[in-house]
Each structure stands twice: as structure tokens, then as C-alpha cells.
Amino acid sequence: MAAVDVHRLRLRPGFECQNICFYLNHPIQFICAAGIIVARDEQERRSILVLDDSSGACLEVVCSKNTQDDHSNTNTITNTNTNTNTNNNNMDNTTPSQPTHLTSATKKPLNITPLLPGVRAKLKGTISYFRGMFQLCLERYEMLHNMTTEVHFWDERTRFRLQVLCVPWVVTQEEVEKLRREAEELTAASAARIGGVGDRDVDLNADGHVVARRRKAEREREMEKDRERRRVEREERDRLRIEKRYEREEVVREILAKRCREKSVLVGRKQKKGKWLKRLDV
1 MAAVDVHRLR LRPGFECQNI CFYLNHPIQF ICAAGIIVAR DEQERRSILV
51 LDDSSGACLE VVCSKNTQDD HSNTNTITNT NTNTNTNNNN MDNTTPSQPT
101 HLTSATKKPL NITPLLPGVR AKLKGTISYF RGMFQLCLER YEMLHNMTTE
151 VHFWDERTRF RLQVLCVPWV VTQEEVEKLR REAEELTAAS AARIGGVGDR
201 DVDLNADGHV VARRRKAERE REMEKDRERR RVEREERDRL RIEKRYEREE
251 VVREILAKRC REKSVLVGRK QKKGKWLKRL DV
């Protein structure tokens with residue numbers, strides 16, 4: 001996505017804790033952006049990058065630091081300084097290393113040392129919302145060594161925006177019913193796998209699972225009957241529409257045929273009159 005499209009995302013009630021935003025009615029959880037890093041700010045617990053993808057807006061990229069490694073390095077330095085018998089070589093070995101960063105979702109170590117201002121990179125991660133601005137929480141990245149790869153990414157981004165994001169996401173009623181049936185089957189299967197409580201087995205019928213399955217089967221039969229009824233009604237409406245259209249076309253054809261007959265009569269009269277005048281001239 002372009003940075004300007006990221007800032008057009010919207011939050012909806014019920015999805016705050018899942019970090020899911022919406023572009024139109026498309027749920028968006030992960031984004032990918034590419035451009036030039038124009039700034040980098042190092043803070044105590046995170047590094048903040050600013051990405052400019054030439055779309056008219058900039059995007060902040062956040063990468064958390066591994067604070068546990070920082071604490072361990074600090075303890076090592078403190079213990080080394082308090083030991084008066086340590087030589088200079090040991091002091092060099094205990095020099096703190098570059099802080100290790102973590103990915104946003106998997107919390108795996110991530111080295112972002114190459115991500116310096118002026119480099120071109122493609123960044124992927126999750127979405128966060130901080131002080132009225134959307135941010136990208138870095139998950140992984142890829143360096144773009146030339147302009148050709150960035151232009152190729154622009155082409156993919158434009159194609160994805162036109163073919164996917166700009167097309168409304170519609171879930172049909174059949175898909176909703178299918179997903180609902182799958183969820184009910186998973187619930188019934190998990191309930192059937194319940195073991196015994198103590199030394200006695202769980203009576204599934206006592207908890208109403210058998211009754212629930214029967215009601216589910218009845219609902220499925222009713223939905224099937226409703227689908228069949230809607231199909232018959234739809235076919236009947238189509239048949240009536242076709243018949244009315246045919247009747248209208250038949251009326252138009254009759255009018256055109258009548259006009260053609262009248263024109264042919266007039267043409268025949270003119271031809272006869274012309275022949276009669278020629279005879280008189282002779």
C-alpha cells in the first residue's frame with residue numbers, strides 16, 4: 001500500500017484489540033510499503049524510521065528493541081567496572097553491542113542496521129495507531145538496490161489497489177451459511193471430545209448437544225427449502241419478464257410491419273401513376 005492509502009484506513013468498533021483496520025470494507029492487518037528512508041530516531045525502547053514512498057505522505061516505521069539484552073549488557077559493564085583486577089583486554093570484550101530489535105508479531109530478533117537514512121527498502125509489518133497516526137510495526141524488510149525494483153513494486157501496488165482494494169468485498173449468503181456451519185461443526189466436535197469429569201463420563205445429551213445437533217439439522221433443511229423457494233421465485237420472475245419483453249417486441253414488430261405495408265402500397269400507386277403518364281405522353 002502507499003503511505004497516503006495507509007493514512008486513509010479506518011478503525012471500526014470491535015476490532016481494536018486485533019489491530020485490524022479497514023480500507024472501504026476490506027479488513028487490513030498487514031501492510032507492505034517501499035520507498036526511501038528519510039529519517040531515523042533512536043529511543044530507549046524503540047527505533048522510529050520515516051519512509052517516503054513519493055505518494056504525497058510519509059509513513060512512520062516502528063521497531064521495538066530487545067530491552068532484556070540491554071539490561072544484561074548493563075549488568076556486565078557494571079560488574080566489570082567494579083573489578084579492579086581486570087585488564088584492558090577484558091574491558092574491550094565487555095563492550096556493549098548494538099541493541100537487538102524484535103519483530104512486531106513473532107518477537108524474533110531483527111537486525112535493522114542497514115536501514116539508514118538515504119537507503120531504499122521494502123518494509124512489511126502490522127498496523128498500529130498512535131496519537132491519531134497510523135504506523136507500520138516492522139516485521140521484515142528487503143533492501144532495494146536500484147530504482148527498477150521500486151518501479152516494479154509501484155506496478156504491483158497499483159494493480160493490487162485497482163483489482164482488490166477498490167472493488168467492494170462482498171460475502172454471499174451461501175458463504176456466510178457455510179462458515180456458520182463450519183463453526184457449529186467445530187463447536188460440536190470440541191464438545192464431543194470432552195472427557196470424563198472424575199470417574200464418570202460426560203453425558204452429552206444432558207448438556208443439550210444432541211438437541212443442538214437436531215436443531216442444526218432442522219435449520220439446514222429449512223435453509224435448503226428457502227433457497228429452493230427463492231430459486232423458483234427467481235425463475236418465475238425471469239419467465240414473466242421475458243414474456244412481457246416478447247409481447248412489447250411483438251407490438252413493435254406489428255407496427256413496423258403495418259408501416260411497411262402502407263409504404264409498399266404508396267410505392268405501388270406511384271409506379272402505376274408514372275406508367276399511365278408515360279402512355280399519355282406517347
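Just so you know, full-length UniProt numbering puts 256 at position 256 of the sequence shown, and the rest follows in order with no gaps.
Heads up, the beta-carbon is just placed ideally off N, CA and C, and yes, glycines get one too.
{"Asked": "Enumerated in chain order, which unbroken segments of the beta strand (DSSP E) with a length of 3 residues or greater are wholly contained in the stretch 109 to 173?", "Found": "120 to 130 and 133 to 143"}
{"Asked": "To the nearest angstrom, how far is it from the Cα of T84 to the Cα of I112?", "Found": "Confidence is the limiting factor: at T84 the pLDDT is only 42, short of 50, which leaves the residue's position unreliable, though a coordinate-based value still follows. Each residue's alpha carbon lies about 36 Å from the other."}
{"Asked": "In angstroms, rounded to a whole number, what distance separates the CA positions of T149 and L102?", "Found": "26 Å"}
{"Asked": "Quick check: the stretch 113 to 120 against the stretch 34 to 42, are at least 3 beta-carbon pairs closer than 8 Å?", "Found": "yes"}
{"Asked": "Measure the beta-carbon distance from I28 to L51 and round it to whole angstroms, keeping in mind my assumption that it falls under 8 Å.", "Found": "With a Cβ gap of about 17 Å, I28 and L51 do not count as contacting."}
{"Asked": "Measure how close the beta-carbons of V177 and M223 come, nearest whole angstrom, since I'm counting them as under 8 Å.", "Found": "Looking at the sequence shown, residue 177 is not Val but Glu. Indeed, because the Cβ distance is near 6 Å, the residues count as touching under 8 Å."}
{"Asked": "Using the Cα positions of Y141 and K124, report the straight-line distance between them to the nearest angstrom.", "Found": "6 Å"}
{"Asked": "Where does C63 fall in DSSP's three states?", "Found": "strand"}
{"Asked": "Look up D203 in the DSSP assignment and say whether it is helix, strand or coil.", "Found": "With a pLDDT of 48 at D203, under the threshold of 50, the predicted position of this residue should be treated as unreliable, though the coordinate-derived value follows. Three-state DSSP puts D203 in coil, outside helix and strand."}
{"Asked": "Mind checking V267: buried by the 16 CB within 10 Å criterion, or exposed?", "Found": "exposed"}
{"Asked": "Candidates I20, R180 and T100: which alpha carbon is nearest A217's?", "Found": "R180"}
{"Asked": "Can you tell me where the beta strand (DSSP E) holding A33 begins and where it ends?", "Found": "F30 to E42"}
{"Asked": "If you run the structure through DSSP and keep just helix, strand and coil, what is C17?", "Found": "coil"}
{"Asked": "Rounded to whole angstroms, what's the CA-CA distance from E182 to A189? Just pull it up for me.", "Found": "10 Å"}
{"Asked": "Using 10 angstroms around the beta-carbon of R157, count the other beta-carbons present and answer buried if the total reaches 16, otherwise exposed.", "Found": "buried"}
{"Asked": "Is it right to say W172 is buried, meaning 16 or more other beta carbons lie within 10 angstroms of its own, or is it exposed?", "Found": "Note on identity: in this sequence residue 172 is Thr, with Trp being the wrong assignment. T172 is exposed by the Cβ-count criterion."}
{"Asked": "Applying the criterion that 16 or more other CB atoms from any shown protein chain within 10 Å of the CB defines a buried residue, is D53 buried or exposed?", "Found": "buried"}
{"Asked": "Would I31 be called buried (16 or more neighbouring beta carbons within 10 Å of its own) or exposed?", "Found": "buried"}
{"Asked": "Taking the C-alpha atoms as reference points, what is the distance between K244 and K263?", "Found": "29 Å"}
{"Asked": "With D52 as the anchor, note down where its beta strand (DSSP E) starts and where it stops.", "Found": "R46 to D52"}
{"Asked": "Using a Cβ-Cβ cutoff of less than 8 Å, which residues in the same chain neighbour K272 once the five nearest sequence positions on both sides are dropped?", "Found": "none"}
{"Asked": "Answer yes or no: do R40 and C63 have a C-beta to C-beta separation smaller than 8 Å?", "Found": "no"}
{"Asked": "Whose C-alpha, out of A3, V251 and Y246, is nearest the C-alpha of G56?", "Found": "A3"}
{"Asked": "Determine the contact status of V6 and F134, defining contact as a CB-CB distance below 8 Å.", "Found": "yes"}
{"Asked": "Quick check on T187: buried or exposed, where buried means 16 or more other Cβ atoms within 10 Å of its Cβ?", "Found": "exposed"}
{"Asked": "Going by C-alpha distance, which of E233, K258 and Q18 is nearest T126?", "Found": "Q18"}
{"Asked": "Please state whether DSSP places R231 in a helix, a strand or coil.", "Found": "helix"}
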